[in-house]
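Following: one structure in structure tokens, then a few remarks.
In the working numbering, the protein residues as written are 1453 to 1819.
Here you go:
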């Protein structure tokens, strides 16, 4: 019969599984975490040969694991796993529920609104198991959520927060990221307006956004990033929106015109959708960069206040990975409140900045 000490040692939870760990963002997350926690990181996914190839590239620092999360996963498989980082899209919460039953912490870089809402419903389940799930990890959602929290901290009462994201076409994104973007171009989604949910259309509601001296004013359009729904609830803001534009003004304009002309509805046809994904993957020009602008308005000491927060950087995929690693280091090393939380509920922007290899330069203007 094993002693309690032996049993505890055998069942020690110290592994980190990165699902989709051999993908573009997943590889960066695995590599950085393997440096911080040697021998503890597994790159998991359905394609074992890709996981093994990536493992060899890291000299064995990252271990390979074949795992198909579209099929039921026995919680017993997760008994030694302390943290799972999800880098692929899911269509149900079965795997998250397995993590909860195993007492395994969970992180997700997804921007899919409907899925994240499903995970939020598991709050009491994770509380009961003593495990923590952190959602909205990356750039948008992620850094955008933290910038909104930072901006609203200057106010006694928050009236509105508008998030704007500029993405450079020069960055070569992974196929999954491109597919998600194309699929969102012809969708309807909910936003918070005057404390009530309102239905809006993607690539509608154009608004001029000042991204600073270098990038200037750009027309940005509504886009269904999940940050706008998250911060409306977590920070109790009655009016929230997220808009997006590309570094190419004419392509941004072309997408909006196509939406108004009804051309984007053809993306429902599989062959047109696949052609659009290929076109975005090989689109020439642009820069590998991103920029974020947050405009928040409210009251301070009974007077109107407007807080602007701006950041600009290179390669969205890199900052997404670095933010994920920063959050993962904290989740892995320090106990957090059990349950389901968005990143802004557990961390400040400075908490993440302290962990980033490349600090973000945040420009703040208060009027």
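Just so you know, even glycine gets a beta-carbon here, dropped at the ideal spot from N, CA and C. Given the structure is predicted, the values throughout are model-derived calculations rather than measurements.
Q. By Cβ distance, which residues of its chain are closer than 8 Å to residue 1506, with the 5 residues on each side in sequence left out?
A. The count along the chain shown starts at 1 and reaches residue 1506 at position 54. So the list reads 1473, 1474, 1479, 1482, 1495, 1514 and 1516, once near-sequence residues are dropped.
Q.
Please report the distance separating the alpha-carbon of residue 1665 from that of residue 1608.
A. Along the chain shown, one-based indexing puts residue 1665 at 213. Along the chain shown, one-based indexing puts residue 1608 at 156. Approximately 30 Å between the Cα atoms of the pair.
Q) Between residue 1660 and residue 1671, which are expected to be in contact by the criterion C-beta below 8 Å, what is the C-beta distance as a whole number of angstroms? A) Counting from one through the chain shown, the residue named residue 1660 turns up at place 208. Counting from one through the chain shown, the residue named residue 1671 turns up at place 219. Sure, about 6 Å apart at Cβ, within 8 Å.
Q.
Can you look up residue 1469 in the DSSP assignment and give me helix, strand or coil?
A. For this step, residue 1469 is matched to residue 17 along the chain shown. If DSSP states are grouped into helix, strand and coil, residue 1469 belongs with the strands.
Q. Helix, strand or coil: how does DSSP classify residue 1557 here?
A. Residue 1557 sits at position 105 when you count from the first residue of the chain shown. Strand, per DSSP.
(Q) To test your reading of the DSSP string, which unbroken beta strand (DSSP E) runs of 3 or more residues are found completely within the region 1647-1735? (A) 1648-1653, 1659-1662, 1669-1674 and 1692-1698
Q) Alpha carbon to alpha carbon, what distance is there between residue 1557 and residue 1786? A) In the chain shown, residue 1786 corresponds to position 334, counting from 1. In the chain shown, residue 1557 corresponds to position 105, counting from 1. Each residue's Cα considered, the two are about 11 Å apart.
Q | Unbroken alpha helix (DSSP H) run spanning residue 1508, endpoints | A | To locate residue 1508, count along the chain shown from 1; it is residue 56. It spans 1500-1509 - the alpha helix (DSSP H) in which residue 1508 sits, taken as one unbroken run.
(Q) Can you check which of these residues, 1777, 1688, 1566 and 1519, is closest to residue 1487 by C-alpha distance? (A) The residue you call residue 1487 lines up with position 35 of the chain shown. For the residues 1777, 1688, 1566 and 1519, the minimum Cα distance to residue 1487 belongs to 1777.
Q) Could you give the distance in angstroms between the alpha-carbon of residue 1476 and the alpha-carbon of residue 1617? A) As a working note, residue 1476 is residue 24 in the chain shown. As a working note, residue 1617 is residue 165 in the chain shown. Spanning the two alpha carbons is a distance of roughly 21 Å.
Q: On a CA-only basis, which of 1503, 1579, 1592 and 1471 is nearest residue 1772? Give me that one, please.
A: Here residue 1772 is taken as the residue at index 320 of the chain shown, counted from 1. With distances taken between Cα atoms, residue 1772 lies closest to 1592.
Q: Determine, using beta-carbon pairs with one atom in the region 1597-1611 and one in the region 1678-1698, whether at least three such pairs fall under 8 Å.
A: Short answer: they touch.
Q.
Between 1805, 1708 and 1548, which has its C-alpha nearest residue 1569's C-alpha?
A. Residue numbering aside, residue 1569 sits at position 117 when the chain shown is read from its first letter. With distances taken between Cα atoms, residue 1569 lies closest to 1548.
Q: Please report how far the alpha carbon of residue 1697 lies from the alpha carbon of residue 1654, in whole angstroms.
A: As a position in the chain shown, residue 1697 is number 245, starting the count at 1. As a position in the chain shown, residue 1654 is number 202, starting the count at 1. Rounded to the nearest angstrom, the two C-alpha atoms are 12 Å apart.
Q | Residue from 1748, 1527, 1727 and 1749 with nearest C-alpha to residue 1581 | A | Walking along the chain shown from the start, residue 1581 turns up at place 129. Checked all of 1748, 1527, 1727 and 1749; the closest Cα to residue 1581 is 1527.
Q. Do the region 1726-1733 and the region 1691-1707 touch if we need at least three Cβ pairs shorter than 8 Å?
A. Between the region 1726-1733 and the region 1691-1707, the count of Cβ pairs shorter than 8 Å is below three; the stretches do not touch.
Q. Assuming residue 1694 and residue 1675 make a contact with CB atoms under 8 Å, what is their CB distance in whole Å?
A. To locate residue 1694, count along the chain shown from 1; it is residue 242. To locate residue 1675, count along the chain shown from 1; it is residue 223. 6 Å between Cβ atoms; contact.
Q) Relative to the alpha-carbon of residue 1546, which residue among 1713, 1504, 1574 and 1741 has its alpha-carbon at the smallest distance? A) Numbered from 1 along the chain shown, position 94 holds the residue referred to as residue 1546. It is 1574.
Q | residue 1639 - containing alpha helix (DSSP H), residue span | A | As a working mapping, residue 1639 is identified with position 187 in the chain shown. It is not in any alpha helix (DSSP H) - residue 1639 carries neither H nor E in the DSSP assignment.
Q.
Let me check one thing: in DSSP terms, what residues is residue 1486 bridge-paired to?
A. The residue you call residue 1486 lines up with position 34 of the chain shown. In the DSSP output, where bridge partners are listed per residue, residue 1486 has none listed.
(Q) Could you check whether residue 1780 and residue 1535 sit closer than 8 Å to each other, using their CB atoms as the reference points? (A) Counting from 1 along the chain shown, the entry for residue 1535 is found at position 83. Counting from 1 along the chain shown, the entry for residue 1780 is found at position 328. In contact: residue 1535 and residue 1780 (Cβ atoms closer than 8 Å).
Q. Residue range of the alpha helix (DSSP H) that residue 1775 falls in?
A. Translated into the one-based positions of the chain shown, residue 1775 becomes position 323. Note, residue 1775: alpha helix (DSSP H), 1768-1785.
Q: For the beta strand (DSSP E) holding residue 1748, just list the boundary residues, first then last.
A: As a position in the chain shown, residue 1748 is number 296, starting the count at 1. First-last of the beta strand (DSSP E) with residue 1748: 1741-1752.
Q | Identity of the residues DSSP links to residue 1615 by a beta bridge | A | The residue you call residue 1615 lines up with position 163 of the chain shown. Paired residue(s): 1694 and 1746.
**Q.** Where the beta strand (DSSP E) containing residue 1816 begins and where it ends
**A.** As a working mapping, residue 1816 is identified with position 364 in the chain shown. For residue 1816, the enclosing beta strand (DSSP E) covers residues 1815-1818.
Q. What do you get for residue 1816, buried or exposed, if any count of 16 or more other CB atoms within 10 angstroms of its CB means buried?
A. As a position in the chain shown, residue 1816 is number 364, starting the count at 1. Under the 10 Å beta carbon count, residue 1816 is surrounded by fewer than 16 other beta carbons and is classified as exposed.
Q: Count the other C-beta atoms from every protein chain shown that fall within 10 angstroms of the C-beta of residue 1680, then say buried if there are 16 or more, exposed otherwise.
A: Here the question's residue 1680 lines up with position 228 in the chain shown. The residue is buried, with at least 16 neighbouring Cβ atoms inside 10 Å.
Q) residue 1712: buried (16+ other C-beta within 10 angstroms of its C-beta) or exposed? A) Position 260 of the chain shown, counted from the start, is the residue given in the question as residue 1712. Residue burial is scored here from C-beta neighbours: residue 1712 has fewer than 16 other C-beta atoms within 10 angstroms and is therefore classed as exposed.
(Q) DSSP three-state label for residue 1532, please. (A) On the chain shown, residue 1532 is found 80 positions in, with the first residue counted as 1. Coil, per DSSP.
Q) Going by other Cβ atoms of all chains shown within 10 Å of its Cβ, with 16 needed for buried, is residue 1602 buried or exposed? A) Position 150 of the chain shown holds residue 1602. Residue 1602 is buried by the Cβ-count criterion.
Q.
With the cut-off set at 8 Å, would you say residue 1587 and residue 1801 are in Cβ contact?
A. In the chain shown, the residue the question calls residue 1587 occupies position 135. In the chain shown, the residue the question calls residue 1801 occupies position 349. Not in contact: residue 1587 and residue 1801 (Cβ atoms no closer than 8 Å).
Q) Are there three or more Cβ pairs, one per stretch, closer than 8 Å when the region 1627-1643 is compared with the region 1739-1746? A) no
Q | Contact belief for residue 1790 with residue 1579 at Cβ below 8 Å, rounded distance in angstroms | A | Residue 1790 sits at position 338 when you count from the first residue of the chain shown. Residue 1579 sits at position 127 when you count from the first residue of the chain shown. Confirmed, Cβ separation roughly 5 Å.
Q.
For residue 1457, count the other beta carbons within 10 Å of its own beta carbon; 16 or more makes it buried, fewer makes it exposed. Which is it?
A. Residue numbering aside, residue 1457 sits at position 5 when the chain shown is read from its first letter. With a pLDDT of 41 at residue 1457, under the threshold of 50, the predicted position of this residue should be treated as unreliable, though the coordinate-derived value follows. Looking at its Cβ environment, which holds fewer than 16 other Cβ atoms inside 10 Å, residue 1457 is exposed.
Q.
Taking the beta carbon of residue 1793 as the centre, do at least 16 other beta carbons fall within 10 Å, making it buried, or is it exposed?
A. Here residue 1793 refers to the residue found at position 341 when the chain shown is read from its first residue. It is buried - the Cβ of residue 1793 has at least 16 other Cβ atoms within 10 Å.
Q | Length of the line joining the Cα atoms of residue 1492 and residue 1537 | A | Here residue 1492 corresponds to residue number 40 of the chain shown, with the count starting at 1. Here residue 1537 corresponds to residue number 85 of the chain shown, with the count starting at 1. Using only the alpha carbons, I get a separation of about 13 Å.
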